[in-house]
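Comments concern the structure below.
Chains as they are written, first to last, in this note's numbering: chain A, 6 to 411; chain B, 6 to 411.
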């Protein structure tokens with residue numbers, strides 16, 4: 006008998022028909038003798054309509070009240086699923102964050118999990134219940150209701166898995182696993198049977214939306230296996246675990262991702278003094294703007310530098326404003342920005358040992374007439390900033406060269 | 006500076022426009038320097054749609070999960086109203102049952118309030134917040150979520166008023182007060198400026214739907230003034246308090262109510278033995294069926310009795326079945342029932358001193374050709390069971406005689 010945690014997204018609990026299907030799937034596992042905890046999101050559409058409601062009432066709804074408003078959505082899902090499971094003749098009990106002391110920090114709309122009291126969940130499981138738990142939400146030490154932000158329900162499921170030492174956390178979604186590239190871009194993407202935490206993190210951080218990095222980070226820290234699979238059929242999906250299959254170690258690159266979700270800012274003609282870069286990035290950090298790729302280039306005279314960096318497109322406007330201030334403060338020449346960029350990334354633990362691959366990536370892009378603007382490399386990730394219009398061509402070229410031909 | 010509790014029903018918070026109107030009204034009081042606690046119901050329609058959802062999933066949803074499901078509705082309302090108040094520049098904070106330890110019994114869907122921890126509410130008020138509290142819901146000692154059943158939000162408001170020793174509890178509704186009779190039946194109903202708890206209780210129990218008896222009972226026990234008023238204008242409504250205005254004491258009857266919400270059952274030919282009536286009503290009580298009016302009549306031979314009683318129309322089917330069992334157990338002759346009855350009630354503290362009035366009521370009905378089937382009198386209430394088809398005629402006749410002509 007195993008302890009299995011299953012997470013279903015909003016589409017899977019959108020209406021009564023879907024909820025009943027989830028109930029049946031849950032019971033298949035329960036009937037095999039497993040203990041099952043189900044984590045659900047709000048019904049599809051509910052969160053959006055609640056957010057719309059909030060902004061009808063105020064242009065600047067407080068984050069505390071947004072959390073209070075949005076967490077009503079998961080409550081609908083957990084009660085609905087518990088009712089559907091009970092209707093199939095099995096015991097079920099829905100539980101809310103406050104009922105299991107699902108403690109988080111007090112940063113409303115983007116809280117971090119601190120601690121989970123597993124006593125109540127274990128008690129309910131031992132009584133033979135399927136436990137249906139509300140994803141995305143938590144409470145603070147002062148009983149304030151919080152939400153975990155993006156990827157919240159995935160994170161809830163994996164955190165529960167860690168706290169309860171679950172045998173597996175299954176994340177049900179509308180795709181059947183992690184692919185070597187976006188199937189909408191590439192003709193012959195391959196589904197990965199396994200992927201390491203590290204690779205999955207790089208994939209997620211580089212544009213693969215299938216699993217949120219926060220969830221992967223927790224899974225990695227506690228060694229929890231995640232099974233990412235489709236809620237539409239019973240096929241095996243992709244297992245995210247400590248190491249990918251051994252055969253995979255021979256593979257240089259397991260995935261090509263891309264994102265158009267960044268913008269680039271350049272501070273040009275910055276007088277070359279020590280501590281300039283630190284000043285730039287500490288000012289951005291204070292405004293809670295994350296920079297991704299950073300490039301500092303000297304001018305011919307060596308007296309001036311150009312500093313370029315990329316940020317999330319959501320932060321671009323604010324980052325440009327801050328850079329204008331920095332221009333004045335530092336006596337720089339100008340600020341320019343470009344929203345029409347894309348980042349493509351080639352990811353694989355094999356990069357660690359295949360030193361030649363990085364150069365081959367640049368070659369491949371050059372052969373296809375794609376100009377590289379900025380480069381960022383980690384041990385298992387080579388990322389390039391290119392023109393947005395080149396992105397699909399770049400993904401196809403790299404996928405063909407490093408995945409299809411291998 | 007007073008402490009005022011305002012309760013708004015689902016219609017008042019149905020959409021953003023309505024919620025903003027409520028926010029403005031709340032702030033009028035806040036700006037006058039009062040501390041304000043607002044109790045809100047779920048947005049109109051939400052509870053019904055959630056119940057529909059539950060019954061799509063199961064013909065017999067568990068009461069625990071129904072409570073979990075339904076309480077999401079009030080959470081939407083409290084967050085929405087808090088956002089709207091904050092948007093007008095004032096501090097507001099929404100609070101849920103678990104956040105203020107609003108303790109109830111564990112009878113799901115019809116829990117009774119046990120205790121309220123007022124510390125958090127007082128703290129939030131002292132920080133200058135309007136407190137927006139979720140009506141209808143509570144939690145048990147084991148952190149299970151409960152609901153208070155019918156009239157729940159009114160009850161929440163009055164219970165908070167009692168716990169916090171509020172100066173007034175205002176119940177906002179779609180009528181502007183308590184009337185001497187249903188304006189849809191009677192041409193010239195009078196709005197009552199004041200009414201005593203006792204009279205209000207009898208009115209509510211006898212068909213006036215304007216305020217739930219549970220809320221009135223709590224108000225009476227703790228001496229909390231209720232101001233029942235319209236959410237559409239600023240006019241004064243009806244104050245429910247210990248004693249009605251002194252002038253009212255001279256009035257024999259302050260209201261005529263009617264309800265078609267009862268059915269009558271007769272067990273005929275019951276052998277006359279001691280303890281028979283007790284047996285009948287303890288069996289009904291065990292099935293949690295409340296009987297209203299009871300009539301035991303001896304037959305001419307005195308060897309057999311007929312026992313008639315009325316129950317809520319919702320319980321009629323089950324009560325008939327139980328009566329069939331009783332027929333066998335007691336060796337009675339037959340069971341008959343009648344769903345086409347109505348109860349009319351004349352209510353007033355004046356009845357205590359005007360002994361002749363009861364007879365005048367029967368006379369008035371007789372003069373109008375209305376047959377009285379059963380009679381039940383308390384100190385301040387004379388109720389008659391009549392044919393359903395006679396009900397409006399009866400209300401008009403009694404209203405004319407005892408209210409319009411006085």
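Backbone N, C-alpha and C fix where the C-beta goes; we use that ideal spot for every residue, glycine too. All figures in this text were calculated on a predicted structure; none of them were measured in a lab.
Could you tell me the boundaries of the alpha helix (DSSP H) in which residue i lies?
i                      : result
residue 372 of chain B : 361 to 372
residue 48 of chain B  : That residue, residue 48 of chain B, is in no alpha helix (DSSP H); it is neither H nor E in DSSP.
residue 388 of chain A : Here residue 388 of chain A belongs to no alpha helix (DSSP H); instead the beta strand (DSSP E) covers 386 to 392.
residue 302 of chain B : From DSSP, residue 302 of chain B is part of no alpha helix (DSSP H) but of the beta strand (DSSP E) over 296 to 303.
residue 124 of chain B : 124 to 131
residue 35 of chain B  : 21 to 36
residue 311 of chain B : Taken as a continuous stretch (DSSP letters only), residue 311 of chain B belongs to no alpha helix (DSSP H), being part of the beta strand (DSSP E) at 309 to 317.
residue 143 of chain A : First-last for residue 143 of chain A: 142 to 144, but that is the beta strand (DSSP E), not the alpha helix (DSSP H).
residue 161 of chain A : 157 to 168
Which chain A residues sit within Cβ distance under 7 Å of residue i?
i                     : result
residue 58 of chain B : 21 and 85
Between residue i and chain A, is any beta-carbon pair separated by less than 8 Å?
i                      : result
residue 74 of chain B  : yes
residue 66 of chain B  : yes
residue 399 of chain B : no
residue 55 of chain B  : yes
Since residue i meets chain A, which of its residues come closer than 8 Å, beta carbon to beta carbon?
i                      : result
residue 122 of chain B : Within chain A, no residue comes near residue 122 of chain B; the closest Cβ sits about 11 Å away, beyond 8 Å.
residue 134 of chain B : Within chain A, no residue comes near residue 134 of chain B; the closest Cβ sits about 11 Å away, beyond 8 Å.
residue 80 of chain B  : 73, 74, 76, 77 and 80
Specify, as a first and last residue, the run of the beta strand (DSSP E) that residue i falls within.
i                      : result
residue 286 of chain A : Element bounds for residue 286 of chain A: not the beta strand (DSSP E) but the alpha helix (DSSP H), 281 to 291.
residue 233 of chain B : 231 to 235
residue 112 of chain A : Taken as a continuous stretch (DSSP letters only), residue 112 of chain A belongs to no beta strand (DSSP E), as it is neither H nor E.
residue 351 of chain A : 346 to 352
residue 322 of chain A : Note, residue 322 of chain A: premise wrong, no beta strand (DSSP E); alpha helix (DSSP H) at 321 to 335.
residue 272 of chain A : 267 to 276
residue 246 of chain A : 243 to 246
residue 12 of chain B  : 8 to 13
residue 343 of chain A : 339 to 343
residue 137 of chain A : 135 to 139
residue 174 of chain A : 173 to 178
For a contact meaning CB atoms closer than 8 Å, what does residue i contact in chain B?
i                     : result
residue 91 of chain A : 63, 66, 67 and 70
Between residue i and chain B, is the shortest Cβ-Cβ distance under 8 Å, so that the two count as touching?
i                     : result
residue 99 of chain A : yes
residue 88 of chain A : yes
Under 9 Å between beta-carbons, which chain A residues line up against residue i? List them in chain order, please.
i                    : result
residue 3 of chain B : Residue numbering for chain B in the displayed model covers 6 to 411; residue 3 of chain B lies beyond these limits and cannot be assessed.
Run the proximity test for residue i: is its beta-carbon closer than 7 Å to any non-hydrogen atom belonging to the ligand COA?
i                      : result
residue 343 of chain B : Questions concerning the ligand COA fall outside what the structure shown contains, since it holds no ligand whatsoever.
task = Give the residues from the region 22 to 33 of chain B that approach chain A closer than 9 Å (Cβ to any Cβ), ordered along the chain.
result = Listed by position along the chain: 22, 24, 25 and 28.
Original post:
When you check each C-beta in the region 102 to 117 of chain B against every C-beta of chain A, which residues fall closer than 7 Å?
Top reply: So the close ones are 103 and 104.
| Contacting positions in the region 361 to 393 of chain A - beta carbon closer than 9 Å to chain B | Answer in chain order: no residues at all.
Q: Taking only beta carbons into account, state which residues of the region 146 to 169 of chain B come closer than 7 Å to chain A, listed in chain order.
A: The residues in question are 148.
Complete runs of the alpha helix (DSSP H) confined to the region 193 to 228 of chain A [at least 4 residues]: Taking only runs of at least 4 residues, the alpha helix (DSSP H) segments lying wholly in the region 193 to 228 of chain A are 202 to 210 and 218 to 227.
### Task
Mind listing, in chain order, the continuous beta strand (DSSP E) runs of no fewer than 3 residues lying wholly within the region 50 to 110 of chain B?
Every unbroken stretch of the beta strand (DSSP E) spanning 3 or more residues and falling wholly within the region 50 to 110 of chain B is given here in chain order: 97 to 100 and 107 to 109.
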